[in-house]
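Novice: First, the structure itself, so that you have it in front of you.
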Amino acid sequence: MATDEALLETIGQQHSLPTLRLYSWEPACLSIGYAQPCADIDFQRLGDLGWNWVRRPTGGRAILHTDELTYSIIAPLAEPRVAGGVLESYQRLSLALITALHALNIPAEAHPIHATGNSKANVAVCFEVPSNYEIVVNGKKLIGSAQARRKNGVLQHGTLPLWGDLARITNVLYYSNEQDRNLAALRLLSHATTVETVLGYRVSWEMVAQAFIESFQSELDLELVKGELSDEEISITEELTRNKYNHPAWLQRL
Numbered sequence: 006m007a008t009d010e011a012l013l014e015t016i017g018q019q020h021s022l023p024t025l026r027l028y029s030w031e032p033a034c035l036s037i038g039y040a041q042p043c044a045d046i047d048f049q050r051l052g053d054l055g056w057n058w059v060r061r062p063t064g065g066r067a068i069l070h071t072d073e074l075t076y077s078i079i080a081p082l083a084e085p086r087v088a089g090g091v092l093e094s095y096q097r098l099s100l101a102l103i104t105a106l107h108a109l110n111i112p113a114e115a116h117p118i119h120a121t122g123n124s125k126a127n128v129a130v131c132f133e134v135p136s137n138y139e140i141v142v143n144g145k146k147l148i149g150s151a152q153a154r155r156k157n158g159v160l161q162h163g164t165l166p167l168w169g170d171l172a173r174i175t176n177v178l179y180y181s182n183e184q185d186r187n188l189a190a191l192r193l194l195s196h197a198t199t200v201e202t203v204l205g206y207r208v209s210w211e212m213v214a215q216a217f218i219e220s221f222q223s224e225l226d227l228e229l230v231k232g233e234l235s236d237e238e239i240s241i242t243e244e245l246t247r248n249k250y251n252h253p254a255w256l257q258r259l
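Mapping to my numbering: the sequence shown position 229 is 234, numbers consecutive.
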């Protein structure tokens, strides 16, 4: 998360080029949304499993980052490919995501699912929450994304579960009783899916990453060049890690 925000800062200041970042997590990490209360987390269970947790700079609900490909795309506000409002730019970027999935033989599509206030009530998990034009397969959510606009830049990041039990996240969230936990797990499995579940076999992280690279280039008319973090980006990442993403003032802000 610190790296994504560091890129948002340097790109917004035009110190860095627009960036597509693809990454994974080790060990598993629970992330919660910008405005999500940390009381949703069962810290005893989280610690028992040895998993980390972090608060994202974007909105939404909890995600367990493991066995997945995480993407982030960061660009200045003036970049035409992210122009317009959040929904307009999200739809534009979603074309690249859907093209990548189609290249992997995944019949994904974006559906205009309009969430109501009641649909989000008492729901702690991102993949349980419907959103406009989310990417689904056979009615089940496959990619969860969120966007932030600040520091003269746009950050959109999201997660694509590759394999594994999506209901694992309910093991580290707080529920008043085990019946509620079990019901949440069942709801999640009825609303979301993984690449392996859709295809019936596993696809490597590297193959999925290559599909993302090719689709972003073709759909957004980009020429992507592989790069590393600059000294400035590393310095800002370290500062944000120390003073924000590892600091109680940010983690426990709600």
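Cβ coordinates follow ideal geometry from the N, Cα and C atoms, glycine included.
#1: Report, in whole angstroms, the separation of the C-beta atoms of Ile241 and Leu229, which I expect to be a contact under 8 Å.
#2: With distances taken Cα to Cα, identify the nearest neighbour of Leu92 among Ala80, Glu139, Ile68.
#3: Suppose only complete runs of 4+ residues qualify. What are the alpha helix (DSSP H) ranges in the region 21 to 71, listed by chain order?
#4: Which residue's Cα is closest to the Cα of Met6: Gln19, Leu22, Leu227, Arg26?
#5: First and last residue of the beta strand (DSSP E) that includes Thr75?
#6: Output the distance between the C-alpha atoms of Leu100 and Glu224, rounded to the nearest integer angstrom.
#7: List the DSSP bridge partners of Glu139.
#8: So what's Ser150 in DSSP terms, helix, strand or just coil?
#9: Roughly how many angstroms lie between the CA atoms of Gly89 and Trp210, to the nearest whole one?
#10: Can Leu98 and Ser150 be called in contact, C-beta distance under 9 Å?
#11: What three-state label does DSSP hand Arg155 in the structure shown?
#12: Could you have a look at Leu204 and say whether DSSP puts it in helix, strand or coil?
#13: Could you name the residues of the same chain whose beta carbon sits closer than 8 Å to that of Thr104, not counting the 5 residues immediately before and after it, in chain order?
#14: Taking buried to mean at least 16 other C-beta atoms within 10 Å of its own C-beta, is Lys146 buried or exposed?
#15: Going straight from the alpha carbon of Glu183 to that of Lys231, what length do you get?
#16: Report the residue from Ile46, Gly158, Ala115 whose alpha carbon sits nearest the alpha carbon of Ser77.
#17: Measuring CB to CB, does Gln96 end up less than 9 Å from Gly65?
#18: Note down the Cα distance separating Leu256 from Ala67, rounded to an integer number of angstroms.
#19: Classify Ala44: buried if its beta carbon has 16 or more other beta carbons within 10 angstroms, exposed otherwise.
#20: Tell me whether the beta-carbon of Gln161 lies closer than 9 Å to the beta-carbon of Val87.
#21: So His252 is in the alpha helix (DSSP H); what residue range does that whole segment cover?
Specialist: Quick look at the numbers:
#1: Walking along the sequence shown from the start, residue 241 turns up at place 236. Walking along the sequence shown from the start, residue 229 turns up at place 224. In fact, because the Cβ distance is near 22 Å, the residues do not count as touching under 8 Å.
#2: Along the sequence shown, one-based indexing puts residue 92 at 87. Nearest option by C-alpha distance: Glu139.
#3: Entirely contained in the region 21 to 71, the alpha helix (DSSP H) runs reaching 4 residues are, in chain order, 48 to 54.
#4: Here the question's residue 6 lines up with position 1 in the sequence shown. The shortest Cα separation from Met6 among Gln19, Leu22, Leu227, Arg26 belongs to Arg26.
#5: Position 70 of the sequence shown, counted from the first residue, corresponds to residue 75. Thr75 -> beta strand (DSSP E) spans 73 to 81.
#6: Reading the sequence shown from its first residue, position 95 is the one you call residue 100. Reading the sequence shown from its first residue, position 219 is the one you call residue 224. Approximately 7 Å, taken between the alpha carbons.
#7: Position 134 of the sequence shown, counted from the first residue, corresponds to residue 139. In DSSP, Glu139 forms a bridge with His116.
#8: Within the sequence shown, the letter at position 145 stands for residue 150. In the structure shown, Ser150 sits in a strand (DSSP, three-state: E or B).
#9: As a working note, residue 89 is residue 84 in the sequence shown. As a working note, residue 210 is residue 205 in the sequence shown. Each residue's Cα considered, the two are about 32 Å apart.
#10: Numbered from its first residue, the sequence shown carries residue 98 at position 93. Numbered from its first residue, the sequence shown carries residue 150 at position 145. In contact: Leu98 and Ser150 (Cβ atoms closer than 9 Å).
#11: Here residue 155 refers to the residue found at position 150 when the sequence shown is read from its first residue. Arg155: strand per DSSP, three-state reduction.
#12: Within the sequence shown, the letter at position 199 stands for residue 204. Three-state DSSP puts Leu204 in a helix.
#13: Residue 104 sits at position 99 when you count from the first residue of the sequence shown. Around Thr104: Ser220, Ser223, Glu224.
#14: Counted from its first residue, the sequence shown places residue 146 at position 141. Classification of Lys146: buried, given that the 10 Å Cβ count is 16 or more.
#15: Reading the sequence shown from its first residue, position 178 is the one you call residue 183. Reading the sequence shown from its first residue, position 226 is the one you call residue 231. Computed Cα separation, rounded: 47 Å.
#16: The sequence position of residue 77 within the sequence shown is 72, counting from 1. Checked all of Ile46, Gly158, Ala115; the closest Cα to Ser77 is Gly158.
#17: Here residue 96 refers to the residue found at position 91 of the sequence shown. Here residue 65 refers to the residue found at position 60 of the sequence shown. No; because the gap between Cβ atoms is not below 9 Å, this pair is not in contact.
#18: Counting from one through the sequence shown, the residue named residue 256 turns up at place 251. Counting from one through the sequence shown, the residue named residue 67 turns up at place 62. Rounded to the nearest angstrom, the two C-alpha atoms are 13 Å apart.
#19: One-based indexing of the sequence shown puts residue 44 at position 39. Ala44 is classed as exposed because its beta carbon has fewer than 16 other beta carbons within 10 Å across all chains shown.
#20: As a first step, residue 161 is located in the sequence shown; it is residue number 156 there, counting from the start. As a first step, residue 87 is located in the sequence shown; it is residue number 82 there, counting from the start. A contact, by the Cβ cut-off of 9 Å.
#21: Counting from 1 along the sequence shown, the entry for residue 252 is found at position 247. Per DSSP, His252 belongs to no alpha helix (DSSP H) and is neither H nor E.
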